[in-house]
Structure formats: C-alpha cells, structure tokens
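Here's the structure, in structure tokens; my notes come after.
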Amino acid sequence: MFENLTNKFEEIFSSLKKAPSLDEKQVDEGLKSIRLALLEADVSLDVVKEFISRVKPKALGQEIIRSTSPGDMVVKIVYDEIVSFLGDKNSEISLNAVPPVPIMLVGLQGSGKTTTTSKLAKFLEKNNKKKVMMASLDVYRPAAQEQLRLLGEQNNIETLPIIEGQLPADICRRALSAANLNGCEVVLFDTAGRTQIDFQMMNEIKQIETIINPAETILVADSLTGQVAANVAKEFKNTVNLSGIILTRADGDGRGGAALSMKYVAEIPIKFLGVGEKIENFEVFHPDRIANRILGMGDIVSLVEKASEDLDQENLKKTEEKLKKGQFSMEDYLSQLRQMKKMGGIEGIMSFLPGVSKIKSQMDQSGIDEKIITQNEAVILSMTKQERENPKIINGSRKKRIANGSGTDIATINKLLKQFKMMSEMMKKMSKGNMKGMADKGIPPELFNQLK
Ligand SMILES: Nc1nc2c(ncn2[C@@H]2O[C@H](COP(=O)(O)OP(=O)(O)OP(=O)(O)O)[C@@H](O)[C@H]2O)c(=O)[nH]1
Ligand SMILES: [Mg+2]
1 MFENLTNKFE EIFSSLKKAP SLDEKQVDEG LKSIRLALLE ADVSLDVVKE
51 FISRVKPKAL GQEIIRSTSP GDMVVKIVYD EIVSFLGDKN SEISLNAVPP
101 VPIMLVGLQG SGKTTTTSKL AKFLEKNNKK KVMMASLDVY RPAAQEQLRL
151 LGEQNNIETL PIIEGQLPAD ICRRALSAAN LNGCEVVLFD TAGRTQIDFQ
201 MMNEIKQIET IINPAETILV ADSLTGQVAA NVAKEFKNTV NLSGIILTRA
251 DGDGRGGAAL SMKYVAEIPI KFLGVGEKIE NFEVFHPDRI ANRILGMGDI
301 VSLVEKASED LDQENLKKTE EKLKKGQFSM EDYLSQLRQM KKMGGIEGIM
351 SFLPGVSKIK SQMDQSGIDE KIITQNEAVI LSMTKQEREN PKIINGSRKK
401 RIANGSGTDI ATINKLLKQF KMMSEMMKKM SKGNMKGMAD KGIPPELFNQ
451 LK
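Numbering of the sequence shown is given in this note's numbering, commencing with residue 1 and proceeding in unit increments.
Given below as structure tokens:
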C-alpha cells in the first residue's frame, strides 16, 4: 500500500539525512523532490501547494538548518504535516442514535459498496458488539440484492429478506421495522451505484436520507482513482450529509493520492480502508500510522494489533515458553507459517515493517513468495508427530517418504530442514532481545540465503 510514495520518501530522506548540515538550497531541493513525489502520487495540486507552503517555512527555520541532525528534523516536520493532511486523529463510527441506528453507504458503481457493507457489519459486530442487519436498496442491477444476501449468509450477518419488486423507499421502512423486531441495533443500507454522479441517483439517495435519517452517511470510494475520489466526495457532500469515507482497494494503490487529498479537498474524514476482497481485509484508518507507513517508518502498532487479533494467544504463550527453553519444534514452525498466511502472508506483514523497501526488494529479487509457505506447510504435514517434535531423526529414507507424501523432492526437504534450523537459531536470538539492526540492514545474509 502506497509503496511508490514510500520509496520516493525514503530516497529523499536518505539524502537529506546523509548531509551533516543543510543549507537553504539543499532544503529547497528536498522540497522540490517531495512536491514531485506527491504529484506523481496523484495528490491534488491544491493539496501539494498547501503542503509545501506549510512545510517550507518550518524546514527553513534557522534552528533547523543549524541543528546537528537537520535531516531528522525535516523528516519530523514532513511527518507532522502528512498526519495533518490525512486527518489528525482516527474518526470512529458514530452510533449515537436510538437503535436501530441507520447507516447509509453510497458511492459510484463498482466502488465496493456491497463488499464494504459486509465488512463494516462484521467490524461493528466484532468490535462494537452490536447486532447488525444489512439491507440492499439496489433494485436496479439484477442480483444486487442477492449478492448482499449471500455475503450475509457466508459471514453470518443478518440480512433483510428480499421482496422482489419493492421500491427503495419501502425497503427502507421495512428494514427499520424488521431490525426493531429482531433486536438488531444497527442497520446498514447498501445503495445502488451509478457510473457517474447524476441527478437521478442524487435524488434517490436524498429521498432515502429523508426516510431513514442516518446516523452516518459513508461514501465508499475507490482509492485507485486518486484525487478524483476526493472530488467525488466533494460532490456527494453537496447533496447528502456525508459523514465519512471508506477508501477501498488501498491494497492495490501504490500512490496514495486519494488518502492525502480527501480531507483537504472534501473536508470529510476517512474512517476505514478496504485492503482486499475478503471480509477481514478492512482496517481502521489511523492517520499517524498511515503516515508512518508512507514515510517508510513502519507501522508496528498495527502489526502487533493485527497479530494479537489473528493469533491464538494460548498458542503464542506456549511457543514463547518453548522458545525461551530452546525447544522450538516443526509443529511450532507450522503454526507460525499458518499464522503468517492468515495475516496476509509475507507481503502482508512486510507492509507494516520499517525499512520494508529494502527487505521487500530482496524478497522480490529472490522470488520468495506465498507458494513457499504453502509448500512448507505440505512438507511439515507429511511428517510424523515425532519427526515434527525432533526433526533431527529425519534420515534419508524418512526424507524420501516425506517428499513423496508432500509431492516434493529431497532437495526441498533438505532446504526446509536447514531453514528450520536457521529459524530456530534466529528465534533464540530474538527471544533474547537481539533484533536490533534487522530493520535497517535487512534479513541477515546467512538466513536470507537459506530462505531462497
Ligand atoms: N482488492 C480489493 N478489491 C475490492 C475491495 N473492495 C471491493 N473490492 C472488489 O471490487 C469489486 C466490486 O465490489 P462491490 O462491493 O460489488 O461494488 P459495489 O460498489 O457494490 O458495485 P455496484 O453495486 O455495482 O455499484 C468486487 O470484485 C470486490 O471484491 C478492496 O478493498 N480491495
Ligand atoms: Mg453493490
């Protein structure tokens, strides 16, 4: 996510940081590069101008130029401004209304409204402990209502039963009373999209707004459309009482123009990011953490949160105990691989780490990818329990059997065993608090060669 911008900032900052002192000309050049990087990221021109005009006087301040680490201070100034352009603080969904609390999702066709409706429903059930009902008001696209019903069924979220031929206004009223009857505390309304903003659509959502009186009206916008997304938000805001944005497809957006332009252009806070097609690919939008990611400083807080959400805590404790005693087994390795897969694989985890571009390019060059995780899983599953506990007993004939069982070859088994050995050694070091330097220097070469 936003990796193009991250790469640019890392380049710019590394040359600024290298300089023992900075003069005005160097700061000016740095700012020019930042301006270019933002424009390439499809940040709106007005935003870029404002951004530079806020950073410039601060970065050119004499106390900065004369300080002992001027580069770091410029980074800090840029970081603060990025946070401020992203939105200062995270904005929660307001459920301050008499239940069932109506929330309406609007947006252009294909922006991800229906998918996002189910993501948000799941989120509110899990995090806010609310019982949610979803209702589709898309009576135009064939099977649109069925799409939402199916998402509900697959993910165990209640949906309003479909009545063919019913008009949006009537569906709204029926949904509110059904939610009331079923004890649902929140009703999410998924609306129909149009290819572009037109009178008919605006008229319809305005009518829906009047009927349901939503506590939140959320625009679902495609992050890939860059600054256009911010302009779309501005237009929607002219018609309805827009209260928040959910940016979808942030997973595929290397640039970040939509996120950086939104608050300034449309003055509406981004509340969540859609980061994939699956229901769990949904993140609360924390401006400070996103700024860290954009500037290549990593987002350890989110990674830890994600880990504690996805990981089986009990299991984790056990592994930790074992690690301390140096008893890391193949079984533990397997459960780590699975957890890694759950968290979006190597790529998913990497996007949160500082210095990612360095490790990531190492990975890209060597072709380490998700396939390896799956292959290793198959190999470990072909081992007996004893072999997993104590891989040292795996001799030639056992290797052959495991290779056959997993559809691989002896070389693959040897590689995994070697990898495992390196891993358990590294784990031991890490558990003694020896991780220092890994982020800056990348993966140690001896381990990296084993991973290849
Ligand atoms: N990669 C990625 N794909 C997404 C994301 N959100 C939605 N999609 C995909 O985008 C496509 C369109 O999503 P929908 O939810 O049907 O979009 P919609 O706005 O309801 O579309 P209409 O009802 O036709 O206007 C689907 O294939 C989704 O899986 C996201 O955050 N990341
Ligand atoms: Mg839809």
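Cβ atoms here follow ideal geometry from the backbone N, Cα and C, with glycine treated the same way.
Just measuring C-alpha positions, the residue of G30, L273 and L160 sitting nearest R174 is L160. L273 sits in a strand when the DSSP states are folded into three classes. For Y79, the CB contacts under 7 Å within the same chain, skipping 5 residues up- and downstream, are A291 and L295 in chain order.
Counting only runs of at least 3 residues, the stretch 228-260 fully encloses the following beta strand (DSSP E) elements, listed from N- to C-terminal order: 244-248. Ranked by Cα distance from L247, the first of V232, N241, T239 and N238 is V232.
Put simply, the backbone Cα of R398 is about 41 Å away from that of E277.
I380 carries a helical assignment under DSSP once its states are collapsed to helix, strand and coil. Contact between the stretch 215-232 and the stretch 155-169 is absent, with fewer than three C-beta pairs closer than 8 Å. Here K206 is not near I245, since their CB atoms are 8 Å or more apart.
Residue nearest to Y140 within the set Q336, G165, E185 and K58 is G165 (criterion: CA-CA distance). Per DSSP, reduced to three states, the secondary structure at P391 is helical.
Between L36 and the set F236, K89 and F51, the nearest pair of CA atoms involves F51. For F13, the number of other beta carbons within 10 angstroms of its own is at least 16, and it is reported as buried. Rounded to whole angstroms, the separation of the alpha carbons of R338 and T384 is 18 Å. Distance check between A266 and each of V228, E283 and S177 places V228 closest, using alpha-carbon atoms only. Taking the Cα of K392 as reference, the smallest distance to any Cα among Q327, G193 and R249 is reached at Q327. Between the alpha carbons of L176 and L167 lies a distance of about 15 Å. With the criterion CB distance below 5 Å from any heavy atom of ligand 2, the matching residues run K113 and T114 along the chain. Boundaries of the alpha helix (DSSP H) harbouring A121: K113 to N127, taken from the DSSP string. F2 is positioned such that its CB atom lies closer than 8 Å to that of R255.
With 16 or more neighbouring CB atoms inside 10 Å of its own CB, S406 falls in the buried class. Only residues of its own chain outside the window of five on either side were considered, and among them V132, M134, I157 and L188 have a CB closer than 7 Å to the CB of A121, listed in chain order.
Between I373 and K341, the C-beta gap is smaller than 8 Å, which places the two residues in contact.
Relative to ligand 1, the beta carbon of T225 is positioned no closer than 7 Å to any heavy atom. Of the residues assessed, P70 falls on the buried side of the cut-off, its CB having 16 or more other CB atoms within 10 angstroms.
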